[in-house]
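Novice: Handing you this structure, nothing more for now.
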Amino acid sequence: GIVTHTFEPNDDGQIYAVEGDKLKVKGDYGDGWCECIHQDQEGIFPRAYLNFPDGEPPVIEEDEEEYEDEENAFDPDAVNVNAHANDAANAFDPSPGHDHEADELNKKLEEERHERERLERVYAEKERLALEQQQQAREEQERQSQERLARVLKEKERLASEQAHERQLREQKERELTVAREEQSRKYGEMLQKEQQKAAQFSSMAEQSKAMLSQLQNENAHLKQALEKERQER
């Protein structure tokens, strides 16, 4: 049989299986449970959670007392049903005088059996809904975890982007500062060169002035000598 819904055991002797698993079904107890083998597990599994594409499984006959015990252990609501069924069976009298009473009892017994099957279906449906709610809760928890993780990753990306932008601005400022320093150094070098040129010009002019002064002094000395000589000759 193929599992149509995941089932988690809540009692000993039950088998755990998830949706889509294939179970080897040994037989159907007729009480809503099937005897199955799955991997290293062997026990009972809800018939309502199984699909039989290859045909219905064989029915397993059990002793009446053992069967009733299992029925009572399955669902608390089934205790009253089985009690009514037992009362009806014990009250049955096969004598001809009791045909009408026997029919009534058989009818009551059949109704009780239908009620028991209905309760089993209700129990299986409740179990299925509980499992679905658990699955939905797990999925919701997983979704919230994924959302939290996505928010954390997005925040990390935002911080990384801001840091990269700040680093780019810092590098740009450093480049601008370097260019400004180089420009300042160039201008200072040009100014220093001009000052050196001016100093060289001043030095050259000073040398020329010294030479002219020396020449004038020599000329004055010659004139003085000439005047002195002329005065002596008179």
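Each residue of the sequence shown is one higher than the one before, counting from 44 in the working numbering.
Beta carbons are placed, not taken as given, at the ideal position from N, Cα and C, and that holds for glycine.
1) What residue from Glu104, Arg171, Arg164 and Asp74 has the CA that sits closest to glutamine 46's CA?
2) Alpha carbon to alpha carbon, what distance is there between glutamine 215 and glutamate 225?
3) Please confirm whether proline 89 and glycine 75 have their CB atoms less than 8 Å apart.
4) DSSP on glycine 98, reduced to helix/strand/coil?
5) Quick check: what's the CA-CA separation for serine 252 versus glutamine 239?
6) Could you compute how far the alpha carbon of leucine 212 sits from the alpha carbon of arginine 229?
7) When we look at the beta-carbon of phenylalanine 50 and count the other beta-carbons within 10 Å, is it buried (16 or more) or exposed?
8) Rounded to whole angstroms, what's the CA-CA distance from glutamate 262 to lysine 237? Just pull it up for me.
9) Give the straight-line distance between the Cα atoms of glutamate 111 and glycine 63, rounded to the nearest whole angstrom.
10) Distance, Cα to Cα, aspartate 146 vs arginine 161?
11) What does a CB cutoff of less than 6 Å around glutamate 209 pick up in its chain, not counting 5 residues either side in sequence?
12) Relative to the alpha-carbon of glycine 44, which residue among Asp55, Asp54 and Gly70 has its alpha-carbon at the smallest distance?
13) How would you write the range of the beta strand (DSSP E) that glutamine 84 sits in, first residue to last?
14) Which of the three DSSP states, helix, strand or coil, is assigned to alanine 222?
15) Helix, strand or coil for glutamate 104, going by three-state DSSP, please let me know.
16) Starting from glutamate 51, trace the beta strand (DSSP E) both ways and give me its first and last residue.
17) Alpha carbon to alpha carbon, how far is arginine 218 from alanine 249?
18) Could you pull the start and end residues of the beta strand (DSSP E) that aspartate 71 belongs to?
19) Quick check on the burial criterion: 16 or more other C-beta atoms within 10 angstroms. Buried or exposed for glutamate 168?
20) Does DSSP put glutamate 62 in a helix, in a strand, or in coil?
21) Closest by CA to arginine 68, which one among Glu185, Leu192, Gly56 and Phe95?
22) Which one or two residues does DSSP pair with leucine 93 in a beta bridge?
23) Rounded to the nearest angstrom, what separates glutamate 200 and glutamine 227 at their Cα positions?
Specialist: From the atom records:
1) One-based indexing of the sequence shown puts residue 46 at position 3. According to the sequence as given, residue 46 is valine; it is not glutamine. The candidate whose alpha carbon is nearest that of valine 46 is Arg171.
2) Working through the sequence shown from its first residue, we reach residue 225 at position 182. Working through the sequence shown from its first residue, we reach residue 215 at position 172. In a straight line, the C-alpha of glutamate 225 is about 15 Å away from that of glutamine 215.
3) Position 46 of the sequence shown holds residue 89. Position 32 of the sequence shown holds residue 75. Result yes, Cβ atoms of proline 89 and glycine 75 sit closer than 8 Å.
4) Numbered from 1 along the sequence shown, position 55 holds the residue referred to as residue 98. In the three-state DSSP reduction, glycine 98 falls in the coil class, being neither helix nor strand.
5) Position 209 of the sequence shown, counted from the start, is the residue given in the question as residue 252. Position 196 of the sequence shown, counted from the start, is the residue given in the question as residue 239. Distance between the alpha carbons of serine 252 and glutamine 239: 20 Å.
6) Position 169 of the sequence shown, counting from 1, holds the residue named residue 212. Position 186 of the sequence shown, counting from 1, holds the residue named residue 229. Put simply, the backbone Cα of leucine 212 is about 25 Å away from that of arginine 229.
7) In the sequence shown, the residue the question calls residue 50 occupies position 7. Result: buried.
8) For this step, residue 262 is matched to residue 219 along the sequence shown. For this step, residue 237 is matched to residue 194 along the sequence shown. Taking the straight line from one Cα to the other gives about 37 Å.
9) The sequence position of residue 111 within the sequence shown is 68, counting from 1. The sequence position of residue 63 within the sequence shown is 20, counting from 1. Its pLDDT being 49, under 50, glutamate 111 is placed unreliably by the model, and the measurement read from it follows with that caveat. Their backbone Cα atoms lie some 32 Å apart in a straight line.
10) Here residue 146 is taken as the residue at index 103 of the sequence shown, counted from 1. Here residue 161 is taken as the residue at index 118 of the sequence shown, counted from 1. One C-alpha to the other measures close to 22 Å.
11) If you number the sequence shown from 1, residue 209 lands on position 166. Around glutamate 209: no qualifying Cβ.
12) Against the sequence shown, residue 44 aligns to sequence position 1. Comparing Cα positions, the closest option is Gly70.
13) One-based indexing of the sequence shown puts residue 84 at position 41. Per DSSP, glutamine 84 belongs to the beta strand (DSSP E) from 84 to 89.
14) Numbered from its first residue, the sequence shown carries residue 222 at position 179. In the sequence on display, residue 222 carries valine and not alanine. Note: valine 222 maps to helix in three-state DSSP.
15) By 1-based counting over the sequence shown, the position of residue 104 is 61. Glutamate 104 falls in the coil class under three-state DSSP.
16) Here residue 51 is taken as the residue at index 8 of the sequence shown, counted from 1. No beta strand (DSSP E) holds glutamate 51; DSSP gives it neither H nor E.
17) Working through the sequence shown from its first residue, we reach residue 218 at position 175. Working through the sequence shown from its first residue, we reach residue 249 at position 206. The alpha-carbon atoms of arginine 218 and alanine 249 are separated by roughly 46 Å.
18) Position 28 of the sequence shown holds residue 71. Looking at the DSSP string, the run of the beta strand (DSSP E) that includes aspartate 71 is 67 to 71.
19) Taking the first residue of the sequence shown as 1, we reach residue 168 at position 125. The residue in question, glutamate 168, is exposed, as its Cβ has fewer than 16 Cβ neighbours within 10 Å.
20) Mapped onto the sequence shown, residue 62 falls at position 19. In this structure, glutamate 62 counts as coil in the three-state DSSP scheme.
21) Numbered from its first residue, the sequence shown carries residue 68 at position 25. The residue asked about is misnamed: residue 68 is valine in this sequence, not arginine. Nearest C-alpha to valine 68: Phe95.
22) On the sequence shown, residue 93 is found 50 positions in, with the first residue counted as 1. In the DSSP assignment, leucine 93 forms a beta bridge with Val46.
23) Here residue 200 refers to the residue found at position 157 when the sequence shown is read from its first residue. Here residue 227 refers to the residue found at position 184 when the sequence shown is read from its first residue. If you take the alpha carbons of glutamate 200 and glutamine 227, they lie about 40 Å apart.
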